[in-house]
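Chemist: Sequences listed follow chains H and C, in order.
Here the first sequence stands for residues 1 to 484, where the numbers follow the numbering used here.
Here the second sequence stands for residues 1 to 383, where the numbers follow the numbering used here.
Glycine included, C-beta positions come from ideal geometry on N, C-alpha and C.
Please see the structure below; I have some questions.
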Amino acid sequence: MSVTQTIPAIDTETTVNRLLKAESVIGLAVGLAGGALQSAALGTALTRSLLVGGLYGLAFTILLGQRTRTAGAGLIWGLASALLMWLVFPAGLGPLFSRSFHSMATLGDARDQFPFLVSYLVCLGMPVGIVLGARKAWRSSESESHFNWTRAAVAGGLAGVLGGAIFDRWMSAGEFFPLLSGVSQLPSRGTSLVLQFLIAVLMGVIFGVLFQRDVRGYGSCMGWGIGYSMLWWFLGPMTLLPLVSRTPLDWSSDAGSAMFGPLVGHILYGLILGVSYATIDRIWIRLFIQSDPLNREPHGPGLRVLQSLGWGAIAGFAGGIVSSPIMLKTGVLTKVAGLDTSFSNWHGLLVHLLVSAAIGMTFGLLFRNEFTNLSAGVAWGWLFGLIWWYLGPMTLLPLMLTGVCDWSTDAASALLPSLIGHLIFGAVTACVFLLLQNRYLHWMLLDPRIAAREKRRIRPLGTPAPALWFLALGLGVLLPILLG
Amino acid sequence: MLAEVAGSSLEPSHISTPLRTSLHRTEFIRARVTGVDLENRKVKLDAGATGGESCESELSYDHIVFALGAVSNYLGLSNVQRLAFDFKSLIDAIRIRNHVIEMFERADRERDPEARQALLTFVVAGGGFAGAELAGALNDFSRGILADYPNLRNGEVRVVLVHSRDRILPELSESLARYAQTRMEMRGVEFRLNTRLSDAREGVVVLSDGEIPAETLVWTAGTAPNPLTKTLSLEKDKRGALIVDEDLSVPGYAGVWARGDCAAVMDAKTDKPCPPTAQFALREAATLAKNIRASLEGRPTKGFHFDSLGALCVVGHQTACAELTIPFARSKSMRFSGLLAWFMWRGIYLGKLPSLERKIRVLVDWTVELFFPKDIVQTIELR
């Protein structure tokens with residue numbers, strides 16, 4: 001018996017080791033290639049860049065290789081690890097060992113290292129993650145079986161068309177083409193519109209193909225949309241479009257600051273794309289998957305939506321109370337309500353809490369099923385707060401008050417305090433929502449069939465959600481500070 | 001569409017059209033034909049209510065068309081005939097649906113696992129179009145309504161298709177038949193191929209290779225022409241169908257015609273027997289009507305010829321098989337399966353439904369089905 005038990009274990013171990021070796025070689029090779037690209041783009045010493053790239057490729061394969069089960073997951077893990085590497089080395093430890101030694105890394109040091117952030121993301125994180133993830137997805141029949149190419153292409157393509165049409169219409173009103181930023185000489189208005197629309201559609205199709213397995217609903221689609229659109233900002237206006245228009249690459253923080261408006265534009269397009277994709281994907285699921293009698297739920301459609309709205313309203317109300325001091329100070333929510341920035345009477349506070357409850361309802365709709373524990377809830381809550389910061393005080397609020405979006409670095413710097421308020425609001429809303437959801441599930445889960453269904457609905461462990469939180473929150477908070 | 005009624009996807013009244021609403025230039029009499037006097041050209045009618053007092057009358061004719069359809073042929077299995085459900089009419093479909101709901105209600109209260117298993121086992125005899133479509137629809141219906149029966153488990157539900165040959169759907173190509181079987185198996189339908197139904201007892205279906213405890217048996221394995229044809233002194237084939245000439249007239253009697261399931265029609269061009277399907281019966285009707293007019297006007301009649309357009313069969317949720325004949329290359333066909341074939345099936349059947357009103361009703365039923373669970377209300381059963 002012992003022999004029959006040990007032989008498969010050895011075989012499995014050998015197979016894993018062999019695969020790990022093969023993956024390490026691929027990771028190393030892609031990392032080295034990325035290092036060479038980095039050297040060419042930044043003009044740094046080739047040996048050093050190759051060393052950094054090779055080490056990154058190897059470390060990524062060994063530490064995160066098991067998690068990169070698809071190209072999309074690999075991309076998110078790759079970008080997050082590249083951001084972490086930048087935060088630890090060039091931005092964190094780098095200044096400590098520089099000639100002008102000082103005990104703490106300053107904002108100025110981090111700005112100086114901005115070109116490395118771009119190069120790490122574009123030359124290392126993205127290619128290593130995508131290649132390793134794509135290879136694993138190709139070899140793994142299990143993950144292939146859960147992927148529907150038609151659904152990915154149709155939902156992604158239609159989301160790109162829908163999102164692109166909305167975004168094009170919106171941006172063209174101000175003669176602004178964020179997705180084409182970086183092109184030295186824009187063509188005529190009509191051609192620019194078409195080109196921006198085509199890029200938007202391309203982004204949509206790739207979004208569907210990369211992230212079908214990872215996104216679950218509106219909330220996660222918006223989260224992935226933010227992370228994905230940030231990558232496009234680094235890849236498009238900062239890298240590819242200048243290359244296409246034959247202008248030299250400029251990855252400095254000054255160039256980044258000049259591109260801050262397009263960054264907000266990209267993020268908003270990512271949100272529109274995420275919502276469009278989630279809508280079309282939900283329709284697909286409803287028509288072709290949930291309509292199957294074999295997948296029928298005990299509750300009819302509508303009940304979950306009503307529950308989510310109710311719990312979200314209570315959670316948002318609580319979030320509004322906790323975040324009210326900061327929001328009051330920055331005057332964001334009261335401005336939305338069209339009131340004075342001080343709560344001179346109970347009427348003002350009531351409006352503030354009602355607005356918070358309404359925003360909380362959107363949290364319930366967007367992020368239910370994404371988390372079952374407090375830490376994941378807080379992370380999604382922060383992301384929700386970040387989304388509302390970009391959407392609210394950065395976009396909708398100036399649009400409503402002045403009729404113009406102010407996406408400048410100055411405006412972002414002035415609004416940074418309210419970002420903290422938004423993050424607190426998101427975290428508290430998520431925690432209260434989780435409490436209400438768990439209270440309901442504790443007795444519903446007594447029925448094993450409902451428990452099994454809820455388990456299928458909830459985001460499983462092992463998805464790149466933590467990497468996305470780190471990437472989207474990290475870049476979303478860091479870039480306004482860094483480029484401001 | 002009967003299978004969709006049995007599977008609670010469609011409302012029964014939405015797929016049936018009253019003859020009175022479409023035959024505006026025709027005198028319509030609802031009555032049972034009790035006999036036909038071919039010599040004196042008279043039809044004996046009983047217009048009494050079902051199970052009530054009889055109300056006999058006679059009707060004389062110049063031309064008579066036998067379009068009596070078919071009934072189930074139980075091949076002499078009297079117990080099966082007594083215990084099994086027919087699947088030939090709308091009422092049969094309604095009965096089956098109501099019975100399935102009844103079985104679930106009883107199983108929900110039943111504590112004996114064996115008795116419960118028998119209540120939740122549904123056996124369909126015959127793997128032709130009717131049997132395969134019904135098994136697929138019953139499987140979807142029974143597993144779909146499980147959500148409303150918390151005491152019952154998916155593993156307790158069995159839908160078994162018994163077929164005497166080595167593959168189902170003999171009317172389709174082997175590849176399509178295998179595809180249908182695989183998809184149905186994936187959805188939970190069990191197959192007992194190369195197996196014959198030999199007998200049935202209360203709660204037990206007896207097969208050639210064993211028994212299945214089951215409270216539900218539906219017979220789709222054979223049909224025979226309407227029993228009225230037996231009373232007619234006309235020439236018949238071995239099935240009992242009326243033998244007709246190429247122009248669909250019955251030889252030996254002027255003004256007597258036959259078409260559809262009760263007639264043995266031979267194709268005028270190929271000299272091959274025409275299958276007893278709605279596709280052929282519809283075209284036979286058109287030819288027959290022209291021939292009656294021709295005979296009234298003293299013109300020569302025409303022989304019946306029709307090349308099959310193909311066949312379609314739904315085997316489960318959004319899954320179908322379609323084999324369509326290629327125009328101008330009748331010996332060749334195109335095969336479709338899965339979602340595309342299902343769309344074709346729905347499109348063609350919707351197009352074939354008489355009246356715009358029925359089309360809209362069915363379209364609404366299909367749309368509602370996408371978003372809401374199947375109805376488990378037991379409708380009134382006509383006895």
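1) Using a 10 Å radius around the Cβ and a threshold of 16 neighbouring Cβ atoms, would you call valine 377(C) buried or exposed?
2) If I measure Cβ to Cβ from serine 9(C) and keep anything under 6 Å in the same chain, skipping five residues before and after, which residues do I get?
3) Answer yes or no: does any C-beta atom of chain H fall closer than 8 Å to that of aspartate 365(C)?
4) Measure the alpha-carbon distance for phenylalanine 129(C) versus valine 362(C) and round it to whole angstroms.
5) Taking the alpha carbon of valine 124(C) as the reference point, which residue from Leu138(C), Arg111(C) and Pro113(C) has its own alpha carbon closest?
6) Assign aspartate 140(C) to one of three DSSP states: helix, strand, or coil.
7) Just confirm the distance between the C-beta atoms of proline 159(H) and isoleucine 283(H), as a whole number of angstroms; I'd bet it's less than 8 Å.
8) Kindly provide the ranges of any beta strand (DSSP E) runs that are 3 or more residues long and lie completely inside the region 329-377 of chain C, ordered along the chain.
9) Looking only at its chain, what residues have a beta carbon closer than 6 Å to the beta carbon of glycine 303(C), apart from the 5 residues adjacent to it on each side?
10) I'd like to know if glutamate 369(C) contacts chain H, where contact means its C-beta is closer than 8 Å to some C-beta of that chain.
11) Give the DSSP-derived three-state secondary structure of glutamate 174(C) in the structure shown.
12) Below 6 Å CB to CB, which residues in the same chain sit around leucine 193(C) once its five sequence neighbours on both sides are set aside?
13) Using a Cβ-Cβ cut-off of 7 Å (strictly less than) and excluding sequence neighbours within five positions of glycine 35(C), which residues of its own chain qualify?
14) In three-state DSSP terms, what is arginine 196(C)?
15) Taking valine 33(C) as the reference, give the member of Leu228(C), Glu171(C), Glu39(C) and Thr216(C) with the closest Cα.
16) Identify the continuous alpha helix (DSSP H) that holds phenylalanine 122(C) and give its terminal residues.
17) Taking cysteine 431(H) as the reference, which of Asp410(H), Ala313(H), Leu374(H) and Ala465(H) has the closest Cα?
18) At 4 residues or longer, what runs of the alpha helix (DSSP H) sit wholly inside the region 123-182 of chain H?
19) Determine which residues of the region 117-132 of chain C have a Cβ less than 7 Å from any Cβ of chain H, and write them out in chain order.
20) Assuming alanine 147(C) and arginine 296(H) are in contact, meaning their beta carbons sit under 8 Å apart, how far apart are those beta carbons, in whole angstroms?
21) Do the CB positions of leucine 391(H) and serine 308(H) come within less than 8 Å of each other?
22) Taking only beta-carbon atoms, is glutamate 297(H) less than 8 Å away from chain C?
23) State the Cα-Cα distance for the pair alanine 200(C) and isoleucine 212(C), rounded to the nearest angstrom.
24) So the candidates are Gln437(H), Cys405(H), Ala412(H) and Ala318(H); which of them puts its Cα closest to the Cα of asparagine 369(H)?
25) Checking 8 Å against the spacing of the C-beta atoms, do serine 253(H) and glutamine 185(H) come in under that value?
26) Since tryptophan 224(H) contacts phenylalanine 211(H) with CB under 8 Å, what's their CB separation in whole angstroms?
27) Under 8 Å between the Cβ atoms of alanine 418(H) and isoleucine 326(H)?
28) Name, please, each residue of chain H whose Cβ falls closer than 8 Å to the Cβ of histidine 317(C).
29) Closest to cysteine 262(C) by C-alpha separation, out of Phe280(C), Arg158(C), Glu102(C) and Leu242(C), would be which residue?
30) Check whether the Cβ atoms of glycine 316(H) and threonine 429(H) sit closer than 8 Å, and answer yes or no.
31) Comparing C-alpha positions only, which one of Val183(H), Arg139(H), Pro262(H) and Trp407(H) sits nearest to alanine 22(H)?
32) If the cut is a Cβ gap below 8 Å, which residues of chain H does lysine 290(C) touch?
33) Which residue wins for smallest C-alpha separation from alanine 29(H), given the options Thr402(H), Asp112(H) and Leu132(H)?
34) Could you tell me how far apart the beta carbons of valine 5(C) and isoleucine 94(C) are, in whole angstroms, since I believe they sit closer than 8 Å?
35) In this structure, how does DSSP classify aspartate 112(H) when only helix, strand and coil are distinguished?
36) Which ranges does the beta strand (DSSP E) cover as unbroken runs of at least 3 residues, wholly within the region 13-90 of chain H, from first to last along the chain?
Modeler: For this structure:
1) When all chains shown are included, valine 377(C) counts as exposed.
2) The residues are Glu369.
3) Residue contact check for aspartate 365(C) against chain H: no CB pair falls below 8 Å.
4) Between phenylalanine 129(C) and valine 362(C), the C-alpha separation is close to 21 Å.
5) Of Leu138(C), Arg111(C) and Pro113(C), the residue nearest in Cα terms is Leu138(C).
6) DSSP places aspartate 140(C) in helix when its eight states are reduced to three.
7) It is worth fixing the name first, because residue 159(H) is alanine in this sequence and not proline. No, alanine 159(H) and isoleucine 283(H) are not in contact; Cβ-Cβ is about 11 Å, not under 8 Å.
8) Entirely contained in the region 329-377 of chain C, the beta strand (DSSP E) runs reaching 3 residues are, in chain order, 329-338.
9) So the list reads Glu246, Asp247 and Ala268, once near-sequence residues are dropped.
10) It does: the Cβ of glutamate 369(C) has a partner Cβ on chain H nearer than 8 Å.
11) In this structure, glutamate 174(C) counts as helix in the three-state DSSP scheme.
12) The residues are His163 and Asp166.
13) These residues qualify, in order along the chain: Lys44 and Thr231.
14) In this structure, arginine 196(C) counts as coil in the three-state DSSP scheme.
15) For the residues Leu228(C), Glu171(C), Glu39(C) and Thr216(C), the minimum Cα distance to valine 33(C) belongs to Leu228(C).
16) Careful: phenylalanine 122(C) lies outside any alpha helix (DSSP H), inside the beta strand (DSSP E) at 121-125.
17) With distances taken between CA atoms, cysteine 431(H) lies nearest to Leu374(H) out of Asp410(H), Ala313(H), Leu374(H) and Ala465(H).
18) Counting only runs of 4 or more residues that sit fully inside the region 123-182 of chain H, the alpha helix (DSSP H) segments are 126-139, 141-145 and 149-172, in chain order.
19) Residues: none.
20) 5 Å between Cβ atoms; contact.
21) No. Outside cutoff.
22) For glutamate 297(H), the nearest CB of chain C lies under 8 Å from its own CB, placing it at the interface with that chain.
23) Between the alpha carbons of alanine 200(C) and isoleucine 212(C) lies a distance of about 10 Å.
24) Sorting Gln437(H), Cys405(H), Ala412(H) and Ala318(H) by C-alpha distance to the C-alpha of asparagine 369(H) places Gln437(H) at the top.
25) No, Cβ-Cβ distance for serine 253(H) and glutamine 185(H) is not below 8 Å.
26) Between phenylalanine 211(H) and tryptophan 224(H) the Cβ distance is about 5 Å, and since that is below 8 Å, they are a contact.
27) The residue asked about is misnamed: residue 418(H) is serine in this sequence, not alanine. The answer is yes: Cβ separation under 8 Å.
28) By Cβ distance, chain H contributes Ser291, Asp292, Pro293 and Leu294.
29) The alpha carbon of cysteine 262(C) has as its nearest neighbour, out of Phe280(C), Arg158(C), Glu102(C) and Leu242(C), the alpha carbon of Leu242(C).
30) Contact flag set, yes.
31) Nearest option by C-alpha distance: Arg139(H).
32) The premise fails here: lysine 290(C) is roughly 44 Å from chain H at the closest Cβ pair, so nothing lies under 8 Å.
33) Checking every option, the nearest Cα to that of alanine 29(H) belongs to Leu132(H).
34) Confirmed, Cβ separation roughly 7 Å.
35) The three-state secondary structure of aspartate 112(H), taken from DSSP, is helix.
36) Within the region 13-90 of chain H, no complete beta strand (DSSP E) run reaches 3 residues.
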